[in-house]
Amino acid sequence: MEEFREIDTWLQSQHAHHEIPSASTLPDPTFISEGRQYVSFSTNNYLGLATSQRLIGKAREGLEQFGVGNCESRLLGGDLDIYRDLEAKLASLKHKESALLFATGYLTNLGVLSALVKTAQMARLYGFKPVRRYSYTYFSDEYNHISIREGIRMSGADKVSYRHLDLDHLESKLKACVDRDKIIVSDGVFSQDGDIAPLPGLLELAELYDATVYIDDAHGTGVLGEHGGGTSEHFDAYSPRLIQMGTLSKAYGAIGGFIATESHISEILRLTSSAYGFTSTLPPDQAFAVSEAIDMSQDEPERRQRLWENQRYFVSRVEKLGYYIVSKATPIVPVFIGDERKCDRIAALLKDEGIHVDAVKFPAVGLKQSRLRFIMNANHTKAQIDKLVGILEALAKTFAIPAELRLKKSHRVDAALAVDIE
Numbered sequence: 001m002e003e004f005r006e007i008d009t010w011l012q013s014q015h016a017h018h019e020i021p022s023a024s025t026l027p028d029p030t031f032i033s034e035g036r037q038y039v040s041f042s043t044n045n046y047l048g049l050a051t052s053q054r055l056i057g058k059a060r061e062g063l064e065q066f067g068v069g070n071c072e073s074r075l076l077g078g079d080l081d082i083y084r085d086l087e088a089k090l091a092s093l094k095h096k097e098s099a100l101l102f103a104t105g106y107l108t109n110l111g112v113l114s115a116l117v118k119t120a121q122m123a124r125l126y127g128f129k130p131v132r133r134y135s136y137t138y139f140s141d142e143y144n145h146i147s148i149r150e151g152i153r154m155s156g157a158d159k160v161s162y163r164h165l166d167l168d169h170l171e172s173k174l175k176a177c178v179d180r181d182k183i184i185v186s187d188g189v190f191s192q193d194g195d196i197a198p199l200p201g202l203l204e205l206a207e208l209y210d211a212t213v214y215i216d217d218a219h220g221t222g223v224l225g226e227h228g229g230g231t232s233e234h235f236d237a238y239s240p241r242l243i244q245m246g247t248l249s250k251a252y253g254a255i256g257g258f259i260a261t262e263s264h265i266s267e268i269l270r271l272t273s274s275a276y277g278f279t280s281t282l283p284p285d286q287a288f289a290v291s292e293a294i295d296m297s298q299d300e301p302e303r304r305q306r307l308w309e310n311q312r313y314f315v316s317r318v319e320k321l322g323y324y325i326v327s328k329a330t331p332i333v334p335v336f337i338g339d340e341r342k343c344d345r346i347a348a349l350l351k352d353e354g355i356h357v358d359a360v361k362f363p364a365v366g367l368k369q370s371r372l373r374f375i376m377n378a379n380h381t382k383a384q385i386d387k388l389v390g391i392l393e394a395l396a397k398t399f400a401i402p403a404e405l406r407l408k409k410s411h412r413v414d415a416a417l418a419v420d421i422e
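Here UniProt numbering is used: the first residue of the sequence shown is 1, the next is one more, and so on.
1) For His380, I'd like the list of residues in its chain whose CB is within less than 7 angstroms of its CB, leaving aside the five on either flank, ordered along the chain.
2) Per DSSP, Val185 is paired with what?
3) Who are Asp358's beta bridge partners in DSSP?
4) Answer yes or no: do Arg306 and Met296 have a C-beta to C-beta separation smaller than 9 angstroms?
5) Tell me which same chain residues have a C-beta within less than 8 angstroms of the C-beta of Leu155, skipping the five on either side of it?
6) Measuring CB to CB, does Ala99 end up less than 9 angstroms from Phe258?
7) So who's on the other strand from Val335, going by DSSP bridges?
8) Please state the DSSP three-state secondary structure of Asp168.
9) Report the rounded CA-to-CA distance for Val213 versus Leu202, giving the unit in angstroms.
10) How would you call Thr221, buried or exposed, if buried means at least 16 neighbouring beta carbons within 10 angstroms?
11) Considering only their Cβ atoms, is the gap separating Gly354 from Arg36 smaller than 9 angstroms?
12) Do Ser33 and His356 have their beta-carbon atoms positioned less than 9 angstroms apart in this structure?
13) Is it a yes or a no for the segment 82 to 92 touching the segment 222 to 240, going by three-plus beta-carbon pairs under 8 angstroms?
14) Mind pulling the alpha helix (DSSP H) runs of 4 or more residues that sit fully within the segment 2 to 71?
15) According to DSSP, is Gly246 helix, strand or coil?
16) Relative to the alpha-carbon of Gly229, which residue among Leu93, Leu76, Ser52 and Asn377 has its alpha-carbon at the smallest distance?
17) Could you check the C-alpha separation between Ala176 and Ala88 for me, to the nearest Å?
18) Does DSSP put Ile152 in a helix, in a strand, or in coil?
19) CB-CB under 7 angstroms to Glu2, same chain, minus the five flanking residues each way: which ones, in chain order?
20) For Lys320, which three-state DSSP category applies?
21) Check for me: the beta strand (DSSP E) holding Ile196 runs from which residue to which?
22) Taking the alpha-carbon positions, what's the Ala347 to Leu75 distance?
23) Apart from the five residues just before and just after Asp358, which ones in its own chain have a Cβ nearer than 6 angstroms to its Cβ?
24) Under the three-state reduction of DSSP, which class applies to Val112: helix, strand or coil?
25) So His169 and Tyr143 are in contact, right, with Cβ under 8 angstroms, and what is the actual spacing, rounded?
26) Take the Cβ of Ala394 as the centre, count every other Cβ of all protein chains shown within 10 Å, and call the residue buried at 16 or more, exposed below.
27) Please report the distance separating the alpha-carbon of Ile255 from that of Ser13.
28) Kindly identify the DSSP beta-bridge partner or partners of Asp158.
29) Per DSSP, what kind of secondary structure is Ala120 in: helix, strand or coil?
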């Protein structure tokens, strides 16, 4: 056990550990930590739904009707009407035939990506005799979330990485692949960079090379599109080849994950995904809350309008200060800093002024590619944004990054320390 003490001491000397604040209230976007009030520019509660009285009231209704948990797998006695109703609502939101709920978004990626390529193998236990051998390869954007990378790794299938958002590089990899069964996997909105996957282009390549597209729309669902339908609605891009994954813990303010797909795929996954069949799912009150959150995002469009107004206002102010903004496409607005210690220092100075923002460092991003990840919220006020911008302006001469030192499009280091870009 002594090696762990030695490693921890060394990591502390490298400032590798992350300071994680403990809060006594949820950010809405203000919160209390250690008796002091802060404004959060890091919460994923994009629409401010998590603390809304309407959502709380619906969750309370679920608690009164079902208690605090179903305590059983849905494959046994834990399947409730509210889960099926919510799945139907999520499928409709994503323009798909069916949806499947999981306990968390992370578990969704692990459970689906690890199981998709094993369906024929599982079906053989029932006597299925395939007409040909199924041989799968995953094609993964190099900046994909770690839950995607781990789900693919668990599958045992071959994996090919392609350069971030580079459709030409992806096509070259598809052309070179001898496997007949190809699955392209990408975040919809990339959580650390804030940019959006070129979904129409991915679907065009899928048609050309007979592939499936799997989109992790954790940060797009509820945020992008006129009705919050996510990346697919943003581009008006739909296809039977598209499997859409989403989380319920961000814009919808609750907990859980799901995939929306064709009914024959979701029904197979009910049998083959261990992450679905061998664990309890989200508590019933959370299902009640999510169902209400979807309705609220539809009939209270002003929440999404305020979110985007705040995003545009913040970007317009910050880009004049000399900082390098990694992406301006979504409410995730990362400001590139580079040096990890400098990034921590700015975050600490902002905290001293009552503002919380995440200093995002390795392994979430590559070494020397740290950034302050500002996440805009529907409930931010202009005064809160102005205060933040004023502090950043005061710090600009010391911390703004000269053009020649700004973010280079170098390949991100995988969290497992394995770079597999060719």
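Ideal Cβ placement from N, Cα and C applies to all residues, glycine included.
Reading from the atomic positions:
1) Pro29 and Asn310
2) Ser140 and Tyr214
3) Arg373
4) no
5) According to the sequence displayed, residue 155 carries Ser and not Leu. Cβ neighbours of Ser155 beyond the five flanking positions: Leu113, Ser114, Ala115, Leu116, Val117, Lys118, Tyr136 and Tyr138.
6) yes
7) Ile325 and Leu372
8) helix
9) 7 angstroms
10) buried
11) yes
12) yes
13) no
14) 2 to 13 and 53 to 66
15) strand
16) Leu93
17) 39 angstroms
18) helix
19) none
20) coil
21) Careful: Ile196 lies outside any beta strand (DSSP E) and carries neither H nor E.
22) 46 angstroms
23) Ser42 and Arg373
24) helix
25) The pair is not a contact, with the Cβ atoms about 13 angstroms apart (cut-off 8 angstroms).
26) exposed
27) 36 angstroms
28) Thr137
29) helix
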